[in-house]
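Enquirer: Taken in order, the sequence shown gives residues 1 to 174; the numbers are from the working numbering.
Where a beta carbon is used, it is the ideal one built from N, C-alpha and C, also for glycine.
Predicted, not measured: the structure shown is a model, and the values here were computed from it.
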Amino acid sequence: MIAGALLGVAACGTDDSDAPPTVATSSSTNSTGAADQRTDGSKPPSAATIEAMINEALDPNVPNSQKVLLVEGAEKDPDIFDKLVEAKNENPGITYKVTNPPIRQGPNKARVSVEVTTEGNPPTPIEATIVYEDGRWKLSNATVCTLLSAYQVKSAMCPGKSTSSRSSAARPSN
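(1) Could you check which residue in K76, P63, A48, K138 has the C-alpha nearest to that of G41?
(2) For the beta strand (DSSP E) containing K138, list its first residue and its last residue.
(3) Taking just the CA atoms, how far does T146 sit from L84?
(4) Taking the alpha-carbon of S113 as reference, which of D36, K43, A48, R38 has the nearest alpha-carbon?
(5) Reducing DSSP to helix, strand and coil, say where E187 ends up.
(6) For T32, count neighbouring C-beta atoms within 10 Å of its own C-beta (all shown protein chains included) and say buried if the count is 16 or more, exposed if not.
(7) Return the chain-ordered list of same chain residues with a C-beta closer than 7 Å to the C-beta of G93, the five sequence neighbours on each side being excluded.
(8) Nearest CA to the CA of I54: which residue from A128, D134, T124?
(9) Once DSSP output is grouped into helix, strand and coil, what is the label at T143?
(10) Could you give the distance in angstroms between the alpha-carbon of C158 and the alpha-carbon of D77?
(11) CA-CA distance, A74 and V68?
(12) Pick out the complete beta strand (DSSP E) segments inside the stretch 70 to 116, 3 residues or longer, and give them in chain order.
(13) Expressed to the nearest angstrom, what Euclidean distance is found between the alpha-carbon atoms of E115 and K97?
(14) With DSSP run on the structure shown, which of helix, strand or coil describes T124?
(15) What separation, rounded to the nearest whole angstrom, lies between the Cα atoms of G106 and N121?
(16) Please work out which residues of its chain come closer than 7 Å, Cβ to Cβ, to I103, disregarding the five sequence neighbours upstream and downstream, and give them in chain order.
(17) Beta-carbon separation of N108 and V131 under 8 Å?
Below you can see the structure in the form of structure tokens.
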């Protein structure tokens with residue numbers, strides 16, 4: 001079911017703005033030097049940097065205030081990362097691996113192939129998008145919303161979604 005939901009990401013769109021990339025006014029660096037790639041609007045970041053962005057978004061030790069810089073539109077629902085981390089912990093058999101360098105789809109967008117592996121199933125390739133917004137490359141809203149729906153997590157940052165609560169019956173109601 002999760003792999004099937006993830007396949008829908010290829011059909012999802014994002015902002016097709018052709019506005020020229022803006023210059024970042026500040027950035028932070030990590031041990032891989034990925035910050036430069038994340039803020040360089042002249043070319044998309046490497047596959048390794050995109051994979052690091054996914055891992056950072058799922059890392060419970062990274063503050064949500066830092067994670068909102070990773071995802072287009074996340075400022076609408078910064079607490080969504082807590083729900084995503086929880087869902088990932090409940091589904092430890094799901095892994096993601098970026099399998100090729102990004103291919104530019106205009107001045108502010110690129111696509112990349114991600115291999116999603118779910119427990120007991122062969123790897124499933126999906127197409128994900130990244131966008132250059134506010135002086136940095138981010139995981140696209142469409143890509144992240146598809147991942148959230150695969151985990152049955154709703155968010156105000158996703159088009160057509162008005163809540164950020166989990167829709168899982170696993171939570172007890174009080």
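Expert: The relevant details are as follows:
(1) K138
(2) 136 to 139
(3) 12 Å
(4) A48
(5) No answer is possible for residue 187: it lies beyond the span of the chain, which begins at 1 and ends at 174.
(6) The pLDDT assigned to T32 is 47, lower than 50, so where the model puts this residue is not dependable; a value taken from the coordinates is nonetheless given after this. Classification for T32: exposed.
(7) T118, E119
(8) A128
(9) helix
(10) 9 Å
(11) 5 Å
(12) 95 to 98
(13) 5 Å
(14) strand
(15) 34 Å
(16) A110, R111
(17) yes
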